[in-house]
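Residue numbers (numbering that gives the first Met the number 0), protein chains in the order written: chain A, 0 to 201; chain B, 0 to 201. All residues carry an ideal CB built from backbone N, CA and C; glycine is no exception. All figures in this text were calculated on a predicted structure; none of them were measured in a lab.
Number of protein chains: 2
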Amino acid sequence: MQGTSEILEQAIEQLAKLPGTGRKSARRIALYLLKQQDENVMRLADALVNLKKSITRCSVCGVISDNDPCSICTNPKRDQSKICVVEESQDVFLIEKTNEFRGRYHVLGGVISPLDNIGPDDVRISELMQRINDEKQPIDEVILALNPDSEGEATAYYLNKLLKPFDEVEVTRIAYGIPMGSELEFIDEATLSRAFATRNTF
Amino acid sequence: MQGTSEILEQAIEQLAKLPGTGRKSARRIALYLLKQQDENVMRLADALVNLKKSITRCSVCGVISDNDPCSICTNPKRDQSKICVVEESQDVFLIEKTNEFRGRYHVLGGVISPLDNIGPDDVRISELMQRINDEKQPIDEVILALNPDSEGEATAYYLNKLLKPFDEVEVTRIAYGIPMGSELEFIDEATLSRAFATRNTF
């Protein structure tokens, strides 16, 4: 017996399942919650239940959203001619934070990964092709913003091949290279090599 | 606008209030929960609500417990003559894990801290004195297991003074010194100095 409360142990067990939370932090969180006011804990529990019950996905771009279509897809100020392809919804939030891109998104919901038995039909690639075919305003650029790992690279190559026949669509990729503020000394060879291969004019 | 979902942002906001969880981990947790099955998220939310609604404290020792008195205080196999004084309930769970102590506990619920306006009456010291006076079986040892910070030390000295008049009660402290597995080189002066001052015969 480690504790005097089965209820506490149950809360710890549930909390310890969360990513980045071991049993020690789960215990710390549970004991912290015990000290909080009732309504604060209710607010947290409600927010979590709400998350599963009320959230939906945008049927156009696939992003996690309260409304369908989402606020980005329905925003007339967004550039309708550019689609940025990402792996997951969280990538949309990360890119939005940069304020660098004013077009729209397409969330694949995964990447092609033969080892995990994930083929092109398991991610939202046909939906992307349909969007490019159907959009009233023509798409002139598809920006691939996939992770620079082997699955992301494979998916990028696959998409590039699929999009080749569309002469009016330019396929671009976000730049992969040395992160800002870091030093060459601490950069791995693959990154450095990519940074050289894709160097720009100054 | 960072996201497309107010509900998601609300969940992140609530999660980010938890200790050790910044906005980044809160976002990761929220997106993880979104991918989970409904019942898993419900189980977590229920466990948290339960934590506040159903848990109580042992009226004898003050530990967080499902029952009052707690399973330690009611366990006839525990040594009734020894009381280990700790600051918080979590200290009880930590000590229980060691299997080193088979007596009972007394949770102060804090330590004396004049700077924070916490005096002897704000922690469960009078309850401890009453226990020592009232217990049918006499207490022969009170073990102070407080944190070795200035508040913990001050509280230990205060308790030692209070317990002086009880000739039959021996007041002891857990040992403070070099942690197992560490090296002298990395130990601070105060710890090393304490380790020398409280050295034992081999």
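Task: Nearest-angstrom Cβ-Cβ length linking Asn-49/B and Ile-11/A, presumed shorter than 8 Å - done: As a working mapping, residue 49/B is identified with position 50 in the second sequence. As a working mapping, residue 11/A is identified with position 12 in the first sequence. Not a contact, Cβ separation roughly 12 Å.
TODO: Using only alpha-carbon positions, find the residue among Asn-116/A, Thr-154/A, Lys-76/A, Ser-80/A that is nearest to Glu-169/A.
DONE: The sequence position of residue 169/A within the first sequence is 170, counting from 1. Put simply, of Asn-116/A, Thr-154/A, Lys-76/A, Ser-80/A the residue whose alpha carbon is nearest the alpha carbon of Glu-169/A is Ser-80/A.
Task: Under the three-state DSSP convention, the category Pro-164/B falls into - done: Here residue 164/B is taken as the residue at index 165 of the second sequence, counted from 1. Three-state DSSP puts Pro-164/B in coil, outside helix and strand.
Task: CB contact flag (Cys-83/B, Ile-71/B, <8 Å) - done: Translated into positions along the second sequence, residue 83/B becomes position 84. Translated into positions along the second sequence, residue 71/B becomes position 72. Cβ atoms of Cys-83/B and Ile-71/B: not closer than 8 Å.
- [ ] Could you tell me which residues DSSP pairs with Tyr-104/B in its beta bridges?
- [x] Counted from its first residue, the second sequence places residue 104/B at position 105. Per DSSP, the beta bridge partners of Tyr-104/B are Cys-83/B.
Open item on the list: For Glu-95/A and Cys-57/A, what's the separation of their Cα atoms in angstroms?
Closed with: Here residue 95/A refers to the residue found at position 96 when the first sequence is read from its first residue. Here residue 57/A refers to the residue found at position 58 when the first sequence is read from its first residue. The straight-line gap from Cα to Cα measures roughly 16 Å.
TODO: Please determine, among Asp-65/A, Phe-100/A, Leu-17/A, Ser-112/A, the residue with the shortest C-alpha to C-alpha distance to Arg-42/B.
DONE: On the second sequence, residue 42/B is found 43 positions in, with the first residue counted as 1. When each option's Cα is compared against that of Arg-42/B, the closest is Leu-17/A.
- [ ] Could you give the DSSP three-state label for Arg-193/B: helix, strand or coil?
- [x] Counting from one through the second sequence, the residue named residue 193/B turns up at place 194. Note: Arg-193/B maps to helix in three-state DSSP.
- [ ] Have a look at Val-91/A and Lys-23/B and give me their C-alpha separation to the nearest angstrom.
- [x] Indexing the first sequence from 1 puts residue 91/A at position 92. Indexing the second sequence from 1 puts residue 23/B at position 24. Roughly 14 Å between the two C-alpha positions.
Open item on the list: Cβ closer than 8 Å: which chain A residues qualify as neighbours of Asn-49/B?
Closed with: Translated into the one-based positions of the second sequence, residue 49/B becomes position 50. Residues of chain A passing the Cβ test: Ile-6, Gln-9, Ala-10.
Task: Close Cβ partners of Asp-78/A (< 8 Å) along its chain, the five nearest in sequence each way excluded - done: Counting from 1 along the first sequence, the entry for residue 78/A is found at position 79. Closer than 8 Å at the Cβ level, and outside the excluded window around Asp-78/A, lie Arg-101, Gly-102, Arg-103.
TODO: Tell me, please, whether the CB atom of Ile-28/A is closer than 8 Å to any CB atom in chain B?
DONE: In the first sequence, the residue the question calls residue 28/A occupies position 29. Interface criterion met: the Cβ of Ile-28/A is under 8 Å from a Cβ in chain B.
- [ ] Output, in chain order, the set of chain A residues within a Cβ distance shorter than 9 Å of Thr-97/B.
- [x] As a position in the second sequence, residue 97/B is number 98, starting the count at 1. Ordered by position in chain A, no residue passes the 9 Å Cβ test against Thr-97/B, which lies about 11 Å from the chain.
- [ ] Measuring alpha carbon to alpha carbon, tell me which of Glu-152/A, Leu-183/A, Pro-137/A ends up nearest Ala-144/A.
- [x] Start at 1 with the first residue of the first sequence, and residue 144/A comes out as number 145. The candidate whose alpha carbon is nearest that of Ala-144/A is Glu-152/A.
Task: Other residues of its chain near Met-128/A: CB distance less than 7 Å, five sequence neighbours each side excluded - done: If you number the first sequence from 1, residue 128/A lands on position 129. Cβ neighbours of Met-128/A within its own chain (closer than 7 Å, five residues either side excluded): Leu-161.
Open item on the list: Strictly by DSSP, which residues pair up with Glu-38/A?
Closed with: Counting from 1 along the first sequence, the entry for residue 38/A is found at position 39. Its beta-bridge partners do not exist; DSSP assigns none.
- [ ] With DSSP as the reference, label Arg-26/A as helix, strand or coil.
- [x] To locate residue 26/A, count along the first sequence from 1; it is residue 27. Helix, per DSSP.
Task: Burial state of Ser-192/A (16 or more Cβ within 10 Å) - done: In the first sequence, the residue the question calls residue 192/A occupies position 193. Around the Cβ of Ser-192/A, a 10 Å sphere holds fewer than 16 other Cβ atoms; the residue is exposed.
Open item on the list: Distance cutoff 8 Å, beta carbons only. Does Met-0/A sit that close to anything in chain B?
Closed with: One-based indexing of the first sequence puts residue 0/A at position 1. Low per-residue confidence applies at Met-0/A: pLDDT is 41, beneath 50, and the placement is therefore not dependable enough to give any value.
Open item on the list: On the criterion of 16 or more Cβ atoms from any shown chain inside 10 Å, does Val-40/B qualify as buried, or is it exposed?
Closed with: In the second sequence, residue 40/B corresponds to position 41, counting from 1. Label assigned to Val-40/B: buried.
Task: Residues that DSSP places opposite Glu-99/B in a beta bridge - done: The count along the second sequence starts at 1 and reaches residue 99/B at position 100. Per the DSSP secondary-structure output, Glu-99/B pairs with nothing in a beta bridge.
Task: One or two residues paired with Val-59/A in a DSSP bridge - done: As a working note, residue 59/A is residue 60 in the first sequence. For Val-59/A, which the question treats as bridged, DSSP gives no partner whatsoever.
Task: Through-space distance from Ile-124/B to Ile-117/B, alpha-carbon basis - done: Here residue 117/B is taken as the residue at index 118 of the second sequence, counted from 1. Here residue 124/B is taken as the residue at index 125 of the second sequence, counted from 1. Roughly 12 Å separates the two Cα atoms.
Task: Ser-181/B burial status per 10 Å Cβ neighbour count (16 or more: buried) - done: As a first step, residue 181/B is located in the second sequence; it is residue number 182 there, counting from the start. Exposed, since its Cβ has fewer than 16 Cβ neighbours within 10 Å.
Task: Neighbouring residues, chain A, relative to Pro-18/B (Cβ below 7 Å) - done: Start at 1 with the first residue of the second sequence, and residue 18/B comes out as number 19. Within chain A, the residues near Pro-18/B are Arg-27, Ile-28, Tyr-31.
Open item on the list: Taking beta-carbon pairs under 7 Å, can you tell me which members of the region 63-79 of chain A lie near chain B?
Closed with: Here the close residues are Ile-63, Ser-64, Asp-65, Cys-69, Ser-70, Ile-71.
- [ ] Compile a chain-ordered list of the residues in the region 34-59 of chain B whose CB is closer than 9 Å to at least one CB of chain A.
- [x] The region 34-59 of chain B vs chain A, Cβ under 9 Å: Gln-35, Gln-36, Asp-37, Asn-39, Val-40, Met-41, Arg-42, Leu-43, Ala-44, Asp-45, Ala-46, Leu-47, Val-48, Asn-49, Leu-50, Lys-51, Lys-52, Ser-53, Ile-54, Thr-55, Cys-57.
TODO: Assign Ser-64/A to one of two classes, buried (16 or more other C-beta atoms within 10 Å of its C-beta) or exposed (fewer than that).
DONE: Start at 1 with the first residue of the first sequence, and residue 64/A comes out as number 65. Answer is buried; the Cβ neighbour count reaches 16.
- [ ] Flag Ser-24/B as yes if its beta-carbon sits less than 8 Å from any beta-carbon of chain A, otherwise no.
- [x] Reading the second sequence from its first residue, position 25 is the one you call residue 24/B. Closer than 8 Å to the CB of Ser-24/B there is at least one CB belonging to chain A.
- [ ] Leaving out five residues on either side along the sequence, give the residues of the same chain with a beta carbon under 8 Å from the beta carbon of Arg-130/B.
- [x] As a working note, residue 130/B is residue 131 in the second sequence. Counting only Cβ-Cβ distances below 8 Å, and skipping sequence neighbours, we find Val-59, Ile-82, His-105, Ile-138.
Open item on the list: Considering just the uninterrupted stretch of the beta strand (DSSP E) at Glu-140/A, what are its terminal residues?
Closed with: The residue you call residue 140/A lines up with position 141 of the first sequence. For Glu-140/A, the uninterrupted beta strand (DSSP E) run begins and ends at 140-143, by DSSP.
Open item on the list: Quick check on Ser-181/B - is its C-beta less than 8 Å from some C-beta in chain A?
Closed with: Numbered from 1 along the second sequence, position 182 holds the residue referred to as residue 181/B. By the rule that beta-carbons nearer than 8 Å mark a contact, Ser-181/B does not touch chain A.
Task: Interface partners of Gln-13/B on chain A, CB under 8 Å - done: The residue given as residue 13/B occupies position 14 in the second sequence. Neighbours of Gln-13/B on chain A, chain order: Arg-42, Leu-43, Ala-46, Leu-47.
Task: Helix, strand or coil at Val-91/B [DSSP, three-state] - done: Position 92 of the second sequence, counted from the first residue, corresponds to residue 91/B. Note: Val-91/B maps to helix in three-state DSSP.
- [ ] Tell me Glu-169/A's beta-bridge partners as DSSP assigns them.
- [x] The residue you call residue 169/A lines up with position 170 of the first sequence. Answer by DSSP bridge pairing, in chain order: Glu-140/A.
Task: Reduced DSSP secondary structure (H/G/I, E/B, other) of Ser-125/A - done: By 1-based counting over the first sequence, the position of residue 125/A is 126. DSSP places Ser-125/A in helix when its eight states are reduced to three.
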